[in-house]
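*Asks:* I'd like to ask you about the structure that follows.
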Amino acid sequence: MSEHEVANRKQAEEQPALSGRGLSTNRVEALADGIFAVAMTLLVLDVHPPTVRQPPDVWFFSEWPRLFAYALSFMLLGVYWVSHHAHFQYIKRSNRTLLWVNIVFFLFISLIPFSTSWLADSVDLEYTRPIPAGTTALIFYGLHLIVIAALIALHWWYGSTNPLLIGGKAPDRHFNLSVYRRIAISPVICLVAIAFSFILPIASLICYTLIPIVYIFPGHVDLHWTRANHH
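The sequence shown lines up with residues 0 to 230 when you count with numbering that gives the first Met the number 0.
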């Protein structure tokens with residue numbers, strides 16, 4: 000067998016191994032950082048500064064819904080960014096399917112400024128009784144967050160169950176259940192918030208505020224990743 004034939008055979012044998020390694024996650028992580036940064040920045044554009052002759056208290060009472068919605072959505076985007084980033088502590092490679100899961104996830108992340116603006120326009124100081132516009136905005140906001148949580152769960156499920164993407168043994172069942180339980184907190188709170196939107200809108204807003212507060216505190220999953228990084 001000639002040297003050329005040997006080289007071709009060796010290349011043919013190596014090709015499946017190379018293709019099985021998947022794609023680097025660097026590009027998708029960089030894209031995620033950019034989309035989250037833009038979405039977070041766009042949120043503040045909906046907050047209007049006070050006019051020259053407008054007293055601070057008058058400005059605050061007219062703008063507090065936008066300030067509240069801005070802070071809430073900014074913190075939620077922070078929660079989603081941390082979750083997405085944490086997944087890549089396990090997911091080492093990517094493929095076409097995972098890329099498209101990420102693209103759909105980014106689609107809904109980039110929609111957060113729209114949901115936030117709609118929510119802010121529907122909130123007022125007398126938000127103790129349901130009004131059609133306010134209820135619709137609260138429901139849309141909650142459904143939006145539920146879809147994002149579902150995509151986060153899908154991202155983890157697909158990435159963590161594919162040996163070629165995690166570069167080794169899949170996470171054990173107990174750890175996976177911990178991940179899904181933590182992801183499920185947000186949809187459960189959203190469903191409660193949606194229910195409140197029909198009877199007591201201010202309670203619905205409070206429910207949405209609980210989501211970033213809950214996720215700020217580390218859970219079992221975070222402690223597991225911390226120990227893994229130390230080893």
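Yeah, the Cβ is synthetic: ideal placement off N, Cα and C, and Gly gets one too. Keep in mind it's a predicted model, so treat the numbers as computed, not measured.
(1) Distance, Cα to Cα, R181 vs L75?
(2) Any chance the region 151-159 sits against the region 205-218, with 3 or more Cβ pairs inside 8 Å?
(3) Check whether the Cβ atoms of V122 and P49 sit closer than 7 Å, and answer yes or no.
(4) Only counting the same chain, and skipping five residues up and downstream in sequence, which positions put a Cβ closer than 8 Å to that of Y89?
(5) Using 8 Å as the Cβ pair cut-off and three pairs as the minimum, do the region 89-98 and the region 31-49 touch?
(6) Taking the beta carbon of N25 as the centre, do at least 16 other beta carbons fall within 10 Å, making it buried, or is it exposed?
(7) List the whole-angstrom C-beta distance separating H84 from F107, where the pair is believed to meet the contact cut-off of C-beta under 8 Å.
(8) Give me, in chain order, the residues of the same chain whose beta-carbon lies closer than 8 Å to that of L176; leave out the 5 immediate sequence neighbours on both sides.
(9) Give me the residue from Y179, L42, H173 and A152 with the minimum Cα distance to N101.
(10) Between the alpha carbons of K9 and L163, how many angstroms are there, rounded?
(11) From A202, S109, D45 and V43, pick the residue whose C-alpha is nearest to that of A30; which is it?
(12) Can the beta-carbon of A68 be found less than 7 Å from the beta-carbon of L22?
(13) Hey, how far is the Cα of S196 from the Cα of E62?
(14) Within 10 angstroms of the Cβ of I198, are there 16 or more other Cβ atoms? Answer buried if so, exposed if not.
(15) If you check the beta carbons only, do G141 and A183 fall under 7 Å apart?
(16) Just the Cα atoms here: how many angstroms apart are L204 and T135?
(17) Name the two residues that bound the continuous alpha helix (DSSP H) containing P186.
(18) For S72, collect the residues of the same chain with a Cβ closer than 6 Å to its Cβ; drop the 5 residues on either side in sequence, then sort them by chain order.
(19) Find out if the Cβ-Cβ distance for the pair S185, A148 is shorter than 7 Å.
(20) For G133, count neighbouring C-beta atoms within 10 Å of its own C-beta (all shown protein chains included) and say buried if the count is 16 or more, exposed if not.
*Replies:* Put simply:
(1) Put simply, the backbone Cα of R181 is about 15 Å away from that of L75.
(2) These segments do not touch.
(3) No.
(4) Hits under 8 Å: G158, S159, I165 and P170.
(5) Short answer: they don't touch.
(6) That one is exposed.
(7) Rounded, the Cβ-Cβ distance is 17 Å, inconsistent with contact.
(8) Excluding positions up to five away in sequence, the list is empty.
(9) Of the residues Y179, L42, H173 and A152, the one whose Cα lies closest to the Cα of N101 is A152.
(10) Residue placement at K9 is poorly supported in this model, since its pLDDT is 45, which falls under 50; the coordinates are not used for a value here.
(11) In the sequence on display, residue 30 carries Leu and not Ala. Measuring from the Cα of L30, the nearest candidate turns out to be S109.
(12) Going by C-beta atoms, A68 is not nearer than 7 Å to L22.
(13) Taking the straight line joining both Cα atoms gives about 21 Å.
(14) Flag for I198 reads exposed.
(15) Result no, Cβ atoms of G141 and A183 do not sit closer than 7 Å.
(16) In a straight line, the C-alpha of L204 is about 13 Å away from that of T135.
(17) For P186, the enclosing alpha helix (DSSP H) starts and ends at R172 to S196.
(18) Hits under 6 Å: L42, I111 and T115.
(19) A distance below 7 Å separates the beta carbons of S185 and A148.
(20) Here G133 is buried: its Cβ has 16 or more other Cβ atoms, across all protein chains shown, within 10 Å.
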